[in-house]
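Take the sequence shown: its letters are residues -19 to -1, 1 to 305, numbered as in mature numbering (1 follows the signal peptide of the UniProt record, and there is no 0). Positions of the beta carbon are idealized from the N, C-alpha and C atoms, including for glycine. Please read these numbers as outputs of a predicted model, since none were measured by experiment. First the structure, in the form of C-alpha cells, and then the observations on it.
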Amino acid sequence: MQCPYAFLWLAICAVLTHAGRCNDHARQSLRITFHDAIGRSSALWASGSAGYVYLCGGADGSLIKFSDLELTDPANKGLHDIINSLKHIADHYDVSYGDIIQFAGAVGFSNCPGATRLEFFAGRPEATAPAPPKLIPGPTDTAQATLSRMQDAGFSAEDTVILLGAHSVGREHTIDPAANDTPLDSTPGAFDSQFYLEVLLKGTVYPRKAPHSGEALSATKDVFRLSSDAAIARHPDTACHDDRMRSAFRKAMIKVATLGHRMEDLVDCSHVIPVPPPWNKTASYPAGFSTSSVERSVSLSSCPGITLPAKASEDTLTGLQYFC
C-alpha cells in the first residue's frame, strides 16, 4: 500500500517546528506518543474486571478522541495545547488520531540534534474506548512501581531505561511552577546520554527553595530532577554510550508506536520523517563534578573517566549500560 502521509509534512511542520529547533512543541509531541500508548494493561485484561475494553488501548489516539476524560488524569497535565493542535490537523486531513500522534512525535523529535530518526507506520483505526485510568507512570512512583507498570504494558526494564532517554530533551512544566521550563539535564536542546550521567550525580539542591511532590534533590540548581528518574537510576535492575543509546531508543519507540497493533496491518511511511541534525558531543561531567560524585548501585564501567576494577563483577549490569 502506498504511504498516504507525505502530504501532511507541511501542516505538521507548521505546528511542531520553529526554525527547526528542538522546542516545546517538539518535546510535547514526543511526550504524547508515550502517554497515548501506555494506556494498555495485560493485568486488567487478565482479571476480567472490565471486559474487552482493557484489551483495547495502546497507540490508538484515545488521548485525543476521549480527551475530556483522559485529560482529567494528572499525569496528562500540560498536554492540552498539543492535543488541540493535532486534533485540528487530523480532522482537517481525515486521518486517525493514533496516526497523527505517532507521526507528530517522529517529526517533532527529528528537530532535536543527535536524535535517532524514528520510524513511522500508518493505518491505526480510531480508538473505541478511553484508556483505563492511572496507567501512566508518574514522577512520584517508586522504581519498582514504574518497572512493574511498564512490564504490564509489555516493556522490559531495559526498555524503560532506554525510553527515559526522552528526558534528555525534557523540561519541567508540571510539578513546580517556580521552576517552570527548567531542563532535566544540562543539554536540553540535544538528544544525548548526558541525562543518564547527570541523574546519577549526588543531589544536594533544589532549583527553587521548596521541594515538591515528584521532585528529587538535583546536583545543580540549573537542572530539575524527577523523583522517578532518580529512583530508576539507582534501582538494581537498571544499569553511557550515545550510538547504542540512539539505536536502542529507536527500537523501543517502535514498540511504543505499535503497541496494540499488528505490524502487518500498518504501512511503513518512515521515508517521510526528516533526518535529525547531528550532535557530536559526548557525555561529560559538569564543572565541579567527577567520578566521586556518582551515586549508583551497580558497576561504573561505562561512565566517563571511570575504569572497572579487575575483580569487579559484570553480573549486575543489564545488557545496555545507560545509567553509567
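In this structure, residue 256 lies near residue 98, with their beta-carbon atoms less than 7 Å apart. Taking one beta carbon from each stretch, the segment 158 to 165 and the segment 79 to 97 have fewer than 3 pairs nearer than 8 Å; the two do not touch. Nearest to residue 134 by alpha-carbon distance, out of 121, 116, 124, 71, is 116.
DSSP places residue 8 inside the alpha helix (DSSP H), whose first and last residues are 5 to 18.
Here the alpha carbon of residue 154 sits roughly 11 Å from the alpha carbon of residue 8. DSSP places residue 265 outside both helix and strand once states are collapsed to three, so it counts as coil. Between the alpha carbons of residue 80 and residue 17 lies a distance of about 11 Å. Taking C-beta atoms under 8 Å as the contact rule, residue 156 and residue 120 qualify, at a distance of about 6 Å.
Excluding its 5 nearest sequence neighbours in each direction, residue 60 has C-beta neighbours in its own chain below 8 Å: 9, 12, 13, 16, 44, 52, listed in chain order. When the beta-carbon positions are compared, residue 184 and residue 171 stay at least 7 Å from each other.
Here residue 114 has 54 as same chain residues with Cβ atoms under 7 Å from its own Cβ, once five neighbours each way along the sequence are excluded. Annotation: residue 20 to residue 108 spans about 12 Å, alpha carbon to alpha carbon.
Cβ contact annotation for residue 241 (same chain, cutoff 8 Å, sequence separation greater than five): 18, 21, 37, 38, 39, 40, 41, in chain order. With a beta-carbon spacing of about 13 Å, residue 239 and residue 84 fall beyond the 8 Å limit used to define contacts. Runs of alpha helix (DSSP H) with 4 or more residues, each lying fully within the segment 164 to 232, are found at 175 to 179, 208 to 214, listed in chain order. Rounded to whole angstroms, residue 201 and residue 269 show a C-alpha spacing of 10 Å. Take the alpha-carbon of residue 76 and the one of residue 248: they are about 14 Å apart. According to the DSSP assignment, residue 141 belongs to the alpha helix (DSSP H) that extends over 138 to 144.
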